[in-house]
Each structure stands twice: as structure tokens, then as C-alpha cells.
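Take the sequence shown: its letters are residues 172 to 419, numbered as in the numbering used here.
For reference, the structure is listed below as C-alpha cells.
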Amino acid sequence: MTSTGLDAVEARAAASGGAGKRAYVRRIFSEIAPRYDLLNHVLSLNIDRGWRRAALAELRWSERPEGAYLDLCAGTLDIGAMLARSPGFRGSVLGADFAEPMLRRGVGKADPKVLAPVTADALALPMRDGSMDGAIVGFGVRNLADLDEGFREVRRVLSPGARFVILEFSTPPVAVVRAAYRVYSHHILPAIGRVVSGHPTAYTYLPDSVENFPTADNLADRLRSVGFHDVRWRHLTFGVAAIHVGTR
172 MTSTGLDAVE ARAAASGGAG KRAYVRRIFS EIAPRYDLLN HVLSLNIDRG WRRAALAELR
232 WSERPEGAYL DLCAGTLDIG AMLARSPGFR GSVLGADFAE PMLRRGVGKA DPKVLAPVTA
292 DALALPMRDG SMDGAIVGFG VRNLADLDEG FREVRRVLSP GARFVILEFS TPPVAVVRAA
352 YRVYSHHILP AIGRVVSGHP TAYTYLPDSV ENFPTADNLA DRLRSVGFHD VRWRHLTFGV
412 AAIHVGTR
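Following this line, the structure appears as C-alpha cells:
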């Protein structure tokens with residue numbers, strides 16, 4: 172088997188939640204960091220910007236404009252920077268990710284006095300219990316090696332009444348949309364991803380990880396199971412993505 176073939180096997184194993192998922196995710200996101208923002212916008216036809224704005228609105232940060240907020244699995248700090256630059260925001264944002272090269276690409280997107288990156292694993296956050304007034308994660312929870320433990324850790328650092336907002340890819344519920352999306356995600360997306368990123372398998376991992384991710388209803392149940400309440404969710408763009416909201 173060629174090295175590319177071995178990489179593809181590793182990508183699929185990681186997407187299915189294999190033992191090497193954590194190491195694989197950290198490595199590939201570090202490797203594609205220089206082209207990550209460009210690829211997000213190209214592969215989503217720039218729709219991802221609107222998705223992020225919709226997710227941020229669910230955080231209801233304006234109720235605590237001077238609070239401390241967590242951008243989890245922050246990547247290149249897009250959501251954290253969007254919050255930090257919001258008119259009327261007077262608080263602070265901590266962007267946490269365990270792939271340091273991704274965080275480095277986000278430096279300069281917002282005032283460093285407001286948005287601070289920190290290299291940290293989502294399963295062991297370096298924050299005190301109840302110290303965050305809200306948390307948001309965009310396209311990151313499907314990469315966690317232990318989803319439930321990640322949810323418990325977020326709940327630990329949130330203050331009572333604080334919101335946790337998840338923006339993540341989803342499986343479209345309508346059959347014809349689902350079929351078209353699978354053709355795009357398994358054939359077109361990986362081809363474009365390989366060319367633009369230069370990485371042979373990163374964009375093979377992405378559609379496989381989406382297909383192995385819990386359904387929207389199941390994800391809501393798992394949020395409830397770790398103690399979040401008032402959990403709700405809604406689909407975006409024909410079900411290609413979804414926003415979940417839970418309260419500590």
C-alpha cells in the first residue's frame with residue numbers, strides 16, 4: 172500500500188473514533204493551518220460566515236457584555252475574533268485549541284487585549300470551575316476524542332446560567348439533499364481540499380467524521396445527559412449544518 176493509501180486508512184480510522192484520533196486531528200490541523208481559512212470559505216461557498224454569525228447570536232453575549240467567553244476548538248480564531256469585534260462587547264475571549272499552528276494563524280484578527288489564544292486540550296481546559304460566562308465552538312466538537320468528556324469539561328468551566336453553543340456539520344434530513352451532499356463531500360470536496368491544502372487526506376477525514384458524528388437529536392440528548400438544560404437545536408442550509416444550544 173502506498174503512503175497516501177496508508178494516510179487514507181489512518182484518516183478513516185480517526186474519523187470513526189479510533190484510538191489514534193486525538194494525535195491524527197492535532198497533526199492534520201497543524202499541517203493545513205496556512206490554508207485553513209481559505210478552504211473553509213471556498214468549500215462552503217462562503218456560507219460559513221453566515222453560519223458563524225447565527226451561532227454567535229445564540230450565545231446572547233449582550234446579556235453579559237463584560238463577561239469572559241470561551242471559543243473552544245478555536246482553530247484560527249474566526250468566531251472568537253467575530254465576538255471580540257462586535258459593537259458593544261466589553262468583555263474578553265479565550266480561544267482554546269490544541270493545534271498551536273492554527274492559533275498562530277488567527278493572531279491579529281482582533282485586539283489582543285480582548286482575544287487571547289491558549290494552547291489547550293478541550294478535555295482538560297486550564298480554567299477554574301464556573302469562570303466562563305459562555306462558550307461557543309464552531310466545527311470542532313466532532314474532532315474530540317471523547318465527546319461526552321468534552322461536554323462535561325465545558326459545563327465545568329461555565330457559570331450558572333451560561334450558554335454553550337455548538338455549530339457543527341450535520342447530515343441533511345431530506346433524502347435528495349443528503350444524496351447530493353454526499354456526492355459533494357466525498358468526491359468534490361476532497362479533490363479541492365487536496366489541491367488547495369496540499370494535504371493528501373485531511374479532506375477525506377472531514378466527510379467521514381461528519382458521517383460518524385451523532386445525529387442532531389442524539390447530540391441534543393448527549394448534552395442533556397451531562398447536565399445541560401433548555402437544550403434545543405436547528406438546522407441551517409437544508410441541514411448541512413446545525414446549531415445546538417444548552418444552558419449550564
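We treat Cβ as the ideally placed atom computed from N, Cα and C, and that holds for glycine.
Can you tell me whether DSSP reads residue i as helix, strand or coil?
{"i": "Ala226", "result": "helix"}
{"i": "Pro331", "result": "strand"}
{"i": "Gly417", "result": "strand"}
{"i": "Leu407", "result": "strand"}
{"i": "His370", "result": "coil"}
{"i": "Gly301", "result": "coil"}
{"i": "Leu360", "result": "helix"}
{"i": "Leu377", "result": "helix"}
{"i": "Ala184", "result": "helix"}
Grab me the residues of residue i's own chain with a C-beta within less than 7 Å of its C-beta, minus the 5 sequence neighbours each way, in chain order.
{"i": "Gly188", "result": "Asn383"}
{"i": "Ile199", "result": "His370, Ala373, Tyr376"}
{"i": "Leu296", "result": "Ala267, Glu324, Val328"}
{"i": "His357", "result": "Pro378"}
Going by C-alpha to C-alpha distance, which of the options sits closest to residue i?
{"i": "Ser201", "options": "Ile218, Ala373, Arg334", "result": "Ala373"}
{"i": "Ala255", "options": "Ala239, Gly246, Phe269", "result": "Ala239"}
{"i": "Ile218", "options": "Arg419, Thr408, Thr418", "result": "Thr408"}
{"i": "Arg231", "options": "Phe335, Ser396, Val328, Ala291", "result": "Phe335"}
{"i": "Phe340", "options": "Ala346, Ala387, Asp392, Gly277", "result": "Ala387"}
{"i": "Gly369", "options": "Gly410, Leu210, His406, Ala185", "result": "Leu210"}
{"i": "Ala203", "options": "Arg405, Leu216, Ala346, Val366", "result": "It should be pointed out that residue 203 corresponds to Ile in this sequence rather than to Ala. It is Val366 whose Cα lies nearest to the Cα of Ile203."}
{"i": "Arg403", "options": "Ala412, Val397, Ala391", "result": "Ala391"}
{"i": "Val308", "options": "Thr375, Val264, Arg197, Leu243", "result": "Leu243"}
{"i": "Val354", "options": "Met303, Leu338, Gly251, Pro378", "result": "Pro378"}
{"i": "Arg327", "options": "Arg193, Leu394, Leu248, His358", "result": "Leu394"}
{"i": "His406", "options": "Pro361, Lys280, His357, Leu338", "result": "Leu338"}
{"i": "Ser263", "options": "Pro288, Ala184, Arg313", "result": "Pro288"}
{"i": "Tyr352", "options": "Ser302, Phe260, Ala412", "result": "Ala412"}
Where do the N-terminal and C-terminal ends of the alpha helix (DSSP H) with residue i fall, by residue?
{"i": "Arg142", "result": "Since the first and last residues shown for the chain are 172 and 419, residue 142 lies out of range."}
Grab me the residues of residue i's own chain with a C-beta within less than 8 Å of its C-beta, minus the 5 sequence neighbours each way, in chain order.
{"i": "Glu181", "result": "Gly191, Tyr195, Thr372"}
{"i": "Leu177", "result": "Note that Leu177 scores 45 on pLDDT, short of 50, meaning its location in the model is unreliable; the coordinates nonetheless yield the value given after this. Closer than 8 Å at Cβ, skipping near neighbours: no residue."}
{"i": "Gly305", "result": "Leu230, Arg231, Trp232, Arg235, Gly238, Tyr240, Leu241, Leu329, Ala333, Arg334, Phe335, Val336"}
{"i": "Ser397", "result": "The amino acid at residue 397 is misidentified as Ser; the sequence shows Val. For Val397, where only same-chain residues beyond five positions count, the Cβ hits under 8 Å are Asp319, Phe322, Arg323, Arg326."}
Hey, quick one: how far does the beta strand (DSSP E) through residue i stretch, first residue to last?
{"i": "Ala316", "result": "Per DSSP, Ala316 belongs to no beta strand (DSSP E) and is neither H nor E."}
{"i": "Val345", "result": "Per DSSP, Val345 belongs to no beta strand (DSSP E) and is neither H nor E."}
Output yes if chain D places a C-beta closer than 7 Å to the C-beta of residue i; else output no.
{"i": "Gly305", "result": "Checking the listed chains, one finds no chain D in this structure; it contains a single protein chain."}
Residues in its own chain within less than 6 Å of residue i by CB, not counting five upstream and five downstream?
{"i": "Val410", "result": "First, the amino acid is wrong: residue 410 is Gly here, not Val. So the list reads Ser341, Pro343, Pro344, once near-sequence residues are dropped."}
{"i": "His400", "result": "Thr418"}
{"i": "Arg275", "result": "none"}
{"i": "Phe269", "result": "Arg197, Asp292"}
{"i": "Pro361", "result": "Tyr374, Thr375"}
Let me know the alpha helix (DSSP H) ranges lying completely inside the stretch 228-294, each 4 residues or longer, listed in chain order. Taking only runs of at least 4 residues, the alpha helix (DSSP H) segments lying wholly in the stretch 228-294 are 249-255, 271-277.
Within the stretch 187-224, ranges of the alpha helix (DSSP H) (whole runs, at least 4 residues): Here the runs fully enclosed are 192-202, 207-214.
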